[in-house]
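A.B. asks: Sharing a structure here in structure tokens format.
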Amino acid sequence: MTQLRFLPSIATLLLLAAVLLCNFPYTHASNSLTRSGNNARTLQQEEQVVIRGPPFRTHQELMDAVDVYLEYHYAGETAKQPNITTEYQQILGSYGPLEYWDVGRLDNFANLFNAQRNPLAAVATPNLSQWNVGHNVEIPVYLQDMFLGASLVNFDVSFWKTDLVIHFNGMFENAVSFEGIGLETWNVANGKLFMSMFSGCISLHQDLDLSSWQLRSAERLDAMFRNSSYGGAKGGDLCTWNNYLQTIVTVKDMFLQSKCISMVDPNLAERNDPNAELSICSPCDKSTIAMKPNILLIVADQMRFDMIRHVQDELEHYADVYKIQTPNLDRLLQSGAYFRNAYCQCAVCAPARTTLRTGCTIERTGVQHNDLAEEFMNNPFYEERVQELESLDHVLVEKMGYVSEYYGKWHMPQPLIESRDGSRRKVVQYNDFDYSKDEPFYLYDADGRKYKRYLESSSAGPVYFENGEQMDPFSGYPYTPIQLDARYGMPTNTALTTDGGLPRNRVGQPNVLGMSALDEGFTPSFFTGDVTKKAIQRLQQHSDPWFVTASFHSPHPPFVAAWKNLEKYWTNQEKLFVPRNLNTDGHMDKSAYDTITEQIPEYGDVEKLQEWTALYYALIEEVDEQVGEILDQVGYDVNNTLVIFTSDHGEMLGAHNRREKNTFYEESSRVPLLISWPGKIPQSTVVDEMASHLDIFATILDYAGGSEHDKSDGTSLRRFIEGAEINSDYEEDVVFAEWDYRKPTNKNVEDAMDLIMDRQIDDRPSFLVRHKQYKLMMQKVASSNQMDMMFDIFKDPFEVDNLLSPDVAMAQDDNLIAKAEHLRCLLLHWMERLDGESHYFSDPAANHGGSAGDIPEIRNRQRWKQIGFWVSDSSIDFGRISWNGNAFVRHEHLYMGTRKEQSVEITDIAIEGSDAQYFQISRTNLTLRHKGCARVRVSFMSSEAVWRDKPLDATLVMTVELGASTTQQRIPLKVPQLHSVPNLDSSAVPSKEKPSSTEEESQADSIVIDGEATIPTDISPFRGGDMLDESRPEIPARIRTVNNTKDNP
């Protein structure tokens, strides 16, 4: 037993004497319970004042005092500790009798009288009716397992204040004498977990009526009344709970073997617990049944992460430029969770979209090339992988009762929308709309053909060309080209072909840039938005939950925008942002990527890039307007709808002298990601942890209550949104992306090793790893002479300083090389976890003979400096602290290894320092071999927020034996200091504070030196309007001029 240290003052000693001599003369506010009639239960309290002692300050302090109380009163004489009487008297003198302890400032009461923790609780009969639980706190309160197994507990709990309690799970489990007096008065609106709360409570009174409980935040009711007496003839009808439940809840065994289940809504349980025997239950009004959430997935095409006004407001390099206007994406961002660091899994259309729809890597989907979305059936290797895929539509429709409809760009294999039973029945109900018949229909068709059908049935009018206009191949209508357009200055309606006189690299959609002859009512975005709104309006008339996807073509090329959205950007184009990594001094010589300016020098011209940027902004604004229309139709602020917005990948937009996507640079691989569910996801939640397209599949199923169907390669992002515990098994705050843009040139080949691919496997980096500020881009073949790259995103946000370029990699600081090795190991461990029975990352067949398999190739590759024993971090900086229900916790992983032919023995790993008790390690020794790496999990745990006001004193110490030498590595442990305990209620998770324009800007946008942000001197200091030729091109004929320049709000 923990020795208590009480230092009673003279006053408390006098109080003790008074208590002992006067038989506890504390004024008692007695409670009496009167039962009359059939259902009446009336609580009567005398208006008396309770005198309390000093307040308890910590959960541990209260638990120690409870243990002393239990031992003094209920342990046999031979079992008592010799000094128990002294300790009990000290407690009595300090705090007074148990019945009147001041616990109002505590937020944690978990396991207090848990008989599994202290068997004496099973025979104790405390009266805690006057405990001021929850009276003086403003943070979440935890009551889980408080009286688990405390058989004889029975007192009036109406005085307790429960409006901030979020965990009730197991609270009265097997408290067989508990009658439930006063429970009707509890406010449980913030409660999330109620599992086994009354399990085994066989004395719950027949008049107990919990129908007034408003379970607005409940997530789990498993076994809540299992083997209990709730639900007698006079008990409350729990059908009313459905008026408040905002999502489907887990209710497995909720009433298993309970006395009577006639008062529970059958629909509540049967939809979640198929084994529930609820045949005699009374029916409930179906309009009150808690439905699964409707799901709206909105996908833009080729929209990079920083193309939302709120995001640009956060970034330093947008401070003095004319910014994009996206009011509807801004309100969506502020209504829920905004992910600052989200990445696509592969930065090209079909692979990214297939991953997004299935949650699987490109190895598992078999769609690593755009053409393979259609050509997968040409070879058994790819066809087998595609046919094995399970899409969101398969799971939600066939396993969870959803209706799925999909509007806009598809660009994925057709089997993803066909039933997996071999019938080829469509799991997507509709994907198109016939304006002439005013009805939806399904047709597997290309996005461009859909758009042209819309135009044909619209009032767009006939096609005719004015001087200098060219045809937009996507719409078939004219547009006025800008300077970067391949046909700028060429004869009217020149063919976009080599036969039309264009070089091969100037043929295709990326070469089409200008202002549309059509107005805003005829854009691709308008039609996608319009048919989506019609679908939602129709689906809202039915009771089935729906899953609707709105997949916008914009801002993908052709970059042809309507004047309404283009005007403000065109007239302010000289103020638009210019990439700071454009035309910088030779940084692309240290890159594994080539540039478009090598072929088309015009893409290095600032003026021309700003014209292009104006078009790009206008296309995004078109999408934003339609997003607003759709959200208004959904009524997302009041309806039960989960909304996700993202893009398949980004757009270089001139950065690094490149266009399109196809790289791991931030502009290409980093995407917007917003997730909103009003009432469930708190407003203005900001997530800084790494997120991937791989995770969206799992996230949707998690919020829809279907995680048991999740067979994807990702993990639900809900843990980040709710601030849950992470990193317990492996590093989770890390993201991976891939590139293998090859396809076979031969068909019907049985053996994957015989496939002949259209390009080399190492034509560009194949893997991206981002962890905290470091980002590694690595080739797929060990022997490749192509360059690897690593950037410090915090110091070098524009990725111009390749830390692994050949001219510096061999002389680089060992700590930086250790970081590259760290990221390599994170990649290897990720591949090993996902390798599976199909050996996606270890079998040479997966690379069609192009390599020995990803795992051995990555392990053996050594294009940078080879070092011996390395450690990933010189200090362990703990990330966001979570509350797991029992303690504040955070896990971090320290990696180490050796790249030389040597054996390294770590003979001892320990934590030293005055605060060492708050840390744990997963192992105390290990052995490292050549090219191997290992990790030690270091965990911070504390039941109290001890770290919030002061730095902790703790150091991880490793004893390292290398040959005949023995050294010690000392690594400080740094826990972030907080000045207040965070509100950890996941139903109202506090957002991380958004920096204002005068506060700290994103670290990813400047170098911080001695507390001051400075622009790196080796980055071109271009801003909108700087160093530009004052001459501007003539505004195209169809673009109406304006006399004034609109201000950017």
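Numbered per mature numbering (1 follows the signal peptide of the UniProt record, and there is no 0), the sequence shown spans residues -29 to -1, 1 to 1020.
Each residue gets a CB set at the ideal place from its N, CA and C atoms; glycine is no exception.
1. Whose C-beta lies closer than 8 Å to the C-beta of Asp704 among residues of the same chain, with five residues either side of it excluded?
2. So, is Tyr889 buried or exposed, given that buried needs 16 or more other C-beta atoms within 10 angstroms?
3. What does the alpha-carbon distance come out to for the pair Thr494 and Trp583?
4. Verify the contact flag: Asp409, CB atom, against every heavy atom of the ligand PLP, threshold strictly below 7 Å.
5. DSSP three-state call for Trp184: helix, strand or coil?
6. For Glu596, is the classification buried or exposed, using 16 other Cβ atoms within 10 angstroms of its Cβ as the cut-off for buried?
7. From the DSSP output, in three-state form, read off Ile838 for me.
8. I need the DSSP call for Gly379, collapsed to helix, strand or coil.
9. Can you tell me where the beta strand (DSSP E) with Gly517 in it begins and where it stops?
10. Reducing DSSP to helix, strand and coil, say where Phe993 ends up.
11. Would you report the Cα separation of residue 1034 and Asp767, rounded to the nearest angstrom?
12. As a quick exercise: from Thr297, Glu48 and Glu144, pick the residue whose alpha carbon is nearest that of Ser199.
13. State the DSSP-derived secondary structure class of Lys51, mapped to helix, strand or coil.
14. In angstroms with no decimal places, state the Cα-to-Cα distance between Asp981 and His558.
15. Helix, strand or coil for Met623 per DSSP?
16. Do Asp778 and Ser755 have their beta-carbon atoms positioned less than 8 Å apart in this structure?
17. Rounded to a whole number of angstroms, what is the C-alpha to C-alpha distance between Leu154 and Leu227?
18. Tyr564 by DSSP, collapsed to three states: which one?
19. What did DSSP end up calling Trp854 once you bin it into helix, strand or coil?
20. How many angstroms separate the CA atom of Asn349 from the CA atom of Gly485?
21. Sorted by chain position, which residues of the same chain lie with C-beta nearer than 8 Å to Ser914's C-beta, five sequence neighbours on each side aside?
22. Under the DSSP definition of a beta bridge, which residues are partnered with residue 1034?
23. If residue 1022 sits next to Ile567, beta carbons under 8 Å apart, how far is it from one beta carbon to the other, in whole angstroms?
24. With distance defined between alpha-carbon atoms, name the residue in Ile55, Ser362 and Glu48 nearest to Asp35.
25. Does the beta-carbon distance from residue 1074 to Ser562 come in below 8 Å?
26. Taking C-beta to C-beta, are residue 1090 and Leu865 nearer than 8 Å?
27. Is any beta-carbon of chain C found at less than 8 Å from that of Glu545?
28. To the nearest angstrom, how far is it from the Cα of Val222 to the Cα of Phe165?
29. Looking only at its own chain, which residues have a Cβ that is under 7 Å from the Cβ of Tyr415, when we skip the five neighbours before and after it?
30. Judging by CA-CA distance, which residue of Cys172, Met142 and Gly606 is the nearest neighbour of Phe149?
31. Under the DSSP definition of a beta bridge, which residues are partnered with Glu389?
32. Apart from the five residues on each side of it in sequence, which residues of its chain come closer than 6 Å, Cβ to Cβ, to Asn107?
33. What did DSSP end up calling Ile646 once you bin it into helix, strand or coil?
34. Helix, strand or coil: how does DSSP classify Arg88 here?
35. Under three-state DSSP, which class holds Asp883?
36. Write down the C-beta distance between Val594 and Ala318 rounded to the nearest angstrom, noting that I regard them as a contact closer than 8 Å.
C.D. replies: Short version:
1. Excluding sequence neighbours, Asp704 sits near Glu660, Met661, Ile697, Asn698, His742, Lys743 and Gly850.
2. Around the beta carbon of Tyr889, 16 or more other beta carbons lie within 10 angstroms, which makes this residue buried.
3. Thr494 and Trp583 have their C-alpha atoms some 18 Å from each other.
4. This structure lacks the ligand PLP; in fact it carries no ligand of any kind.
5. Trp184 falls in the coil class under three-state DSSP.
6. Under the 10 Å beta carbon count, Glu596 is surrounded by 16 or more other beta carbons and is classified as buried.
7. Here Ile838 carries a coil assignment [DSSP, helix/strand/coil].
8. Of the three classes helix, strand and coil, the one that applies to Gly379 here is strand, per DSSP.
9. Rather than Gly, the amino acid found at residue 517 in this sequence is Trp. Run containing Trp517: Trp517 to Ser522, per the beta strand (DSSP E) assignment.
10. The predicted model places Phe993 with a pLDDT of 25, which falls under 50 and marks its position as unreliable; any figure quoted below should be read in that light. Look at Phe993 here: in three-state DSSP terms it is coil, with no helix or strand label.
11. Residue 1034 is absent from the structure shown; the chain starts at -29 and stops at 1020.
12. Each of Thr297, Glu48 and Glu144 was checked against the Cα of Ser199, and the nearest Cα belongs to Glu144.
13. In the displayed model, Lys51 falls within coil according to three-state DSSP, outside both helix and strand.
14. Only weak support exists for where Asp981 lies, its pLDDT of 28 falling under 50; the value from the coordinates is given anyway. Each residue's Cα considered, the two are about 27 Å apart.
15. In the structure shown, the three-state DSSP call for Met623 is coil.
16. Their beta carbons are not under 8 Å apart, which means Ser755 does not touch Asp778 by this criterion.
17. One C-alpha to the other measures close to 21 Å.
18. Coil.
19. Residue state, collapsed to three classes: strand.
20. Spanning the two alpha carbons is a distance of roughly 38 Å.
21. If we look at Ser914 and ignore the five residues flanking it on each side, its Cβ neighbours are Thr29, His30, Gln31, Asn79, Asn857, Ala858 and Phe859.
22. Look at the range of the chain in this structure, -29 to 1020, and you will see that residue 1034 is not part of it.
23. Within the shown structure, residues of the chain are numbered from -29 to 1020, placing residue 1022 beyond reach of any answer.
24. Of Ile55, Ser362 and Glu48, the residue nearest in Cα terms is Ile55.
25. It is not possible to answer for residue 1074, since the shown part of the chain is limited to -29 through 1020.
26. Nothing can be reported for residue 1090: it is not among the residues displayed for the chain, which extend from -29 to 1020.
27. Here there is only one protein chain, and chain C is not present.
28. Their backbone Cα atoms lie some 10 Å apart in a straight line.
29. Cβ neighbours of Tyr415 beyond the five flanking positions: Gln385.
30. Considering only alpha carbons, the answer is Cys172.
31. Lys397.
32. The answer, listed in chain order, is Gly75 and Arg76.
33. Reduced to three states, the DSSP call for Ile646 is strand.
34. Coil, per DSSP.
35. The sequence shown places Glu at residue 883, not Asp. It is a strand residue.
36. Wrong, their Cβ atoms sit about 19 Å apart, outside the cutoff.
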